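Please read the structure below before turning to the comments.
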Ligand SMILES: [Cu+2]
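In the working numbering, the protein residues as written are -2 to 102.
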């Protein structure tokens, strides 16, 4: 569930759908966002059941209760995968496919 649904003023990001691209494309799409502090951030993929299947990540996670394993376990039990309402917190762009790490297939 996006944090903005429970707190409209909360910090957070939402890239919108960023497709992985196809074999014939020469660029890949990107989402760049600033990280200006050490506050833990918890991010999930809102596509299909990806969140529940483990497509989650953390930035500035710690070894306490705010860690990736706990977040991944909680995500697996989510009853719905809900995208945020509004694009927020970053800039979409693209880079040459050859510069992507790891390179897309
Ligand atoms: Cu995904």
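Where a beta carbon is used, it is the ideal one built from N, C-alpha and C, also for glycine.
This one's a predicted model, so the numbers in the text were calculated from it and none came from an experiment.
If you check the C-beta of residue 13 against ligand 1, you find no heavy atom less than 8 Å away. A distance of 9 Å or more separates the beta carbons of residue 51 and residue 81.
For residue 88, the uninterrupted beta strand (DSSP E) run begins and ends at 88 to 93, by DSSP.
Apart from the 5 residues on each side of it in sequence, residue 45 sits with its Cβ closer than 8 Å to the Cβ of 78 in its chain, given in chain order. Note that the C-beta distance between residue 57 and residue 29 is not below 9 Å.
DSSP, reduced to helix, strand and coil, places residue 0 within a helical segment of the structure shown.
Remark: C-beta atoms of residue 88 and residue 68 do not approach each other more closely than 9 Å. In the DSSP assignment, residue 69 falls within the unbroken alpha helix (DSSP H) covering 65 to 73. The C-beta distance from residue 100 to residue 23 rounds to 12 Å, too long to meet the 8 Å contact threshold. Distance from the Cα of residue 55 is smallest, within the candidate group 16, 47, 48, 64, for 64.
Assigned with DSSP and collapsed to three states, residue 34 falls in coil, not helix or strand.
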